[in-house]
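A.B. asks: Following this message is one structure expressed as structure tokens.
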Amino acid sequence: MANLEMSLKEAMSIEGAMGVALVDYSSGMALGTLGDSAEIDLNVAAAANTDLVRAKMRTMEMLNLHNNDIEDILISLTSQYHLIRPLTTQTGRGLFLYLALNRTRSNLAMARHQLKRIEAALEV
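First residue of the sequence shown? That's 165 in the numbering used here, and the numbers climb one at a time after it.
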């Protein structure tokens with residue numbers, strides 16, 4: 165099991181990583197952030213992506229998709245990828261990892277795989 169600081173550092177080691185945050189989607193507050201990109205304000209991104217996660221949760225509820233969990237949400241921009249991965253562990257419920265990637269420097273499949281591994285090991 166990894167603590168928050170170690171997990172954020174590991175996420176930033178993903179090729180192309182620009183910034184990462186662990187976010188509480190009940191409040192929209194970032195519990196931890198790491199990254200120095202001038203392009204992304206991680207606290208603003210945390211709050212704004214909270215609305216996206218809540219909307220998707222409501223949509224799944226309306227569609228009666230109770231036996232499914234969101235693995236991740238991908239937002240593709242022309243120069244960036246934004247990955248949102250809700251935590252599925254018992255202590256991580258209500259939280260999500262947000263990772264912003266430089267699209268030209270990253271491998272999306274590998275980033276998803278690595279973020280999944282980080283999420284599984286994260287102890288909150």
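The beta-carbon is built from N, C-alpha and C at its ideal position, and this holds for glycine as well.
Which value, in whole angstroms, describes the spacing of the CA atoms of I178 and Y262?
C.D. replies: 13 Å
A.B. asks: Taking C-alpha atoms, which residue in M182, E174, M176 lies nearest to D205?
C.D. replies: Considering only alpha carbons, the answer is M182.
A.B. asks: Excluding the 5 residues preceding and the 5 following P250 in the sequence, name in chain order all residues of the same chain whose CB lies nearer than 7 Å to its CB.
C.D. replies: Only V217, I234, F260 meet the Cβ criterion.
A.B. asks: Using 8 Å as the cut-off, can you tell me whether the region 185 to 196 makes contact with the region 269 to 280, which would need three or more C-beta pairs spanning the two stretches below that distance?
C.D. replies: no
A.B. asks: Scan the region 179 to 242 and note each continuous beta strand (DSSP E) run of 3 residues or more that stays entirely inside, going in chain order.
C.D. replies: 181 to 188, 193 to 198, 237 to 240
A.B. asks: Go ahead and pull the three-state DSSP assignment for L272.
C.D. replies: The answer is helix: DSSP assigns L272 an H, G or I state.
A.B. asks: How would you write the range of the alpha helix (DSSP H) that L168 sits in, first residue to last?
C.D. replies: 168 to 176
A.B. asks: In the DSSP assignment, what are the bridge partners of A264?
C.D. replies: Bridge partners of A264: G183, H246.
A.B. asks: To the nearest angstrom, how far is it from the Cα of T197 to the Cα of V208?
C.D. replies: 11 Å
A.B. asks: Would DSSP call L251 helix, strand or coil?
C.D. replies: coil
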